[in-house]
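Protein chains: 2
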Amino acid sequence: MASPLEKARKDPDSMKARILNTARRVFGEYGFHGATTRMIAEEVGVDISTLYYHWGEKGDLYEAVILDINHDLKQLLGQVEGVIHGLPLDRRMDIAIDMTSAYLFEHPEISNLVLFRYFAKTRDEAVLDFQVPEIISDIARSMGLARDKRQVSNHVSMRILAMMNSIHHFVSGEEFFRGMLKMAREPYIAMVQETLKFMLIPAFVSSDAAE
Amino acid sequence: MASPLEKARKDPDSMKARILNTARRVFGEYGFHGATTRMIAEEVGVDISTLYYHWGEKGDLYEAVILDINHDLKQLLGQVEGVIHGLPLDRRMDIAIDMTSAYLFEHPEISNLVLFRYFAKTRDEAVLDFQVPEIISDIARSMGLARDKRQVSNHVSMRILAMMNSIHHFVSGEEFFRGMLKMAREPYIAMVQETLKFMLIPAFVSSDAAE
DNA sequence: GAATTGTTCCATCAGTTGATGGAGACGATG
DNA sequence: CATCGTCTCCATCAACTGATGGAACAATTC
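So this is what it looks like as structure tokens:
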């Protein structure tokens, strides 16, 4: 029952965990093909073969990374849900945007990896991601956009995708956008949150009121 | 004055143009590191060295591709502007969303490459993109969000970035999202356009009315 | 302390990748 | 026909990449 991933999470100082965390960052920065096992090993400060000993081949390590970030995302959603439960929609969205973006700006590799999975093809055939639909259902429920998480319409799923990706996109593009707009980090983050609220809240609130 | 790019555009059947167009697709699908010169050459049906003869090294070809898609984007914006000129804001946005998304769904490699440039690092140092700010200014002006294209506030730039990327994101993620939602192409595209309007129009229209 | 197990590194391999030099093919020009 | 410039391919290189076997070492168990 104790998967390698659980072991790594239990002891963050273990070699397994150190490799996993570095792999998250490197895969997030350069993508699957852009990252090499040597880059990861070098950054950890160990030999390549140590990577292979702990995580098997490159694709397996990548898969572990994906599972790891999905785990983090779910945990984040749980926290957000706990805070916003029972509040009116506009407040729910306001807080959810703040919390989610703040967390992702601290762990930008999550956004990078999510986006990479969305549209960068791997040369080998890709594994279908079964966790994203689940996460979307969770959001739909906690946002009050669907009564039962089993029956989330495509309609609603699309809107949640658009919402999530607006956030990811500003996190992943930070370097590019900040360079372009010549902004420091803090004002950039503040402006991102403002922009997200500007875009997202009117749409969902007015649609909610119309019902 | 006749750059290689202009030559290629003038004669679409030339080897230069055939390589460029294939490179657009392959770089768009797999990213810079995921695409190999051999993949591109093979798809064109020529030897690798023919690639190098016409476009120089891999990075140069990639750069030509980026310039090429920026050129297409500007052309598209010009067309959109011609159609929406003088209409009220909500109509402008409605039409711009339809036209832009329809075009990008026909040329998805544009969206892919734009997004790739935003957040995928190249192992070599990246070249700063000087064209994106210009495109954003154009949009701001044609949307009526800034009086002078010289003085577009970061505020407005962020909103336009968010808008553009919402579109790109649904185009690039088509395969992933359609697989997830189990939708055919046409209804997917229709639903994307509906979702984009749902999200974008209320925000901009209510902000416009408030002024 | 001996045996077993777990962990790390060194050396190395085969396949891939970016890149080039040179030979030949082709058409235009004289 | 001869010559020249343009274009394409074949052969090949060095560097890089994913991957592995085995030696060395450390920790654990008996």
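From first to last, the protein sequence lines are chains X and H.
Residues 1212 to 1422, numbered by the numbering used here, are exactly what the first sequence covers, in order.
Residues 1212 to 1422, numbered by the numbering used here, are exactly what the second sequence covers, in order.
Each residue gets a CB set at the ideal place from its N, CA and C atoms; glycine is no exception.
- Cα atoms of ALA1313(X) and TYR1329(X): separation of roughly 22 Å, rounded to the nearest angstrom.
- At a cut-off of 9 Å between beta carbons, PHE1381(H) contacts chain X.
- Contact between the region 1262–1272 of chain X and the region 1338–1352 of chain H is absent, with fewer than three C-beta pairs closer than 8 Å.
- Chain X has a Cβ within less than 9 Å of the Cβ of ARG1334(H).
- Counting C-beta pairs closer than 8 Å gives fewer than three between the region 1405–1416 of chain X and the region 1274–1292 of chain H, which falls short of the contact rule.
- According to the DSSP assignment, VAL1294(X) belongs to the alpha helix (DSSP H) that extends over 1269–1295.
- In this structure the region 1364–1379 of chain H lies against the region 1376–1394 of chain X, because at least three pairs of beta carbons, one per stretch, are closer than 8 Å.
- Each residue's CA atom was taken as its position, placing LEU1411(H) and TYR1273(H) some 32 Å apart.
- In its chain, beyond the 5 residues on either side, LYS1218, ALA1219 have a beta carbon closer than 8 Å to the beta carbon of SER1225(X).
- Chain-ordered, the chain H residues with CB closer than 8 Å to the CB of PHE1409(X) read ARG1370, ALA1414, SER1418.
- The C-alpha of LYS1227(H) is placed about 8 Å away from the C-alpha of TRP1266(H).
- Annotation for ARG1328(H): the continuous alpha helix (DSSP H) segment containing it runs 1319–1330.
- Under the criterion of beta carbons closer than 8 Å, LEU1392(X) and GLY1355(X) do not qualify as touching, at roughly 34 Å.
- For PHE1381(X), the enclosing alpha helix (DSSP H) starts and ends at 1365–1383.
- For PRO1299(X), not one C-beta of chain H is nearer than 9 Å to its own C-beta.
- Within the region 1227–1256 of chain X, contact with chain H at the beta-carbon level (separation under 7 Å) is assigned to GLU1240, TYR1241, GLY1242, HIS1244, GLY1245.
- Ranked by how close their Cα comes to the Cα of VAL1325(X), the residues GLU1320(H), GLN1362(H), PHE1388(H) have PHE1388(H) in first place.
- The residue from VAL1276(X), SER1418(X), ARG1396(X), GLU1253(X) with its alpha-carbon nearest to that of ARG1370(X) is SER1418(X).
- Secondary structure of ARG1334(X) (DSSP, three-state): coil.
- The Cβ atoms of GLU1397(X) and ASN1323(X) do not sit closer than 9 Å to each other.
- Residue contact check for SER1225(H) against chain X: no CB pair falls below 9 Å.
- Around the beta-carbon of GLU1320(H), 16 or more other beta-carbon atoms lie within 10 Å, marking it buried.
- GLY1384(H) is positioned such that its CB atom lies no closer than 9 Å to that of GLY1245(X).
- Neighbours of GLY1384(H) in chain X, taken as residues at a C-beta separation under 7 Å, are given in chain order as TYR1329, PHE1330.
- Apart from the 5 residues on each side of it in sequence, HIS1366(X) has no Cβ closer than 6 Å to any other Cβ in its chain.
- Burial state of ARG1334(X) is exposed, judged by a 10 Å Cβ sphere holding fewer than 16 other Cβ atoms.
- By the C-beta density criterion, ALA1395(X) is exposed, having fewer than 16 other C-beta atoms within 10 angstroms.
- Counting only residues of its own chain and dropping the five nearest sequence neighbours on each side, SER1353(H) has a CB closer than 6 Å to the CB of GLU1292.
- The three-state secondary structure of ALA1414(H), taken from DSSP, is helix.
- Assignment of ALA1246(X) by DSSP, reduced to helix, strand and coil, places it in the coil class.
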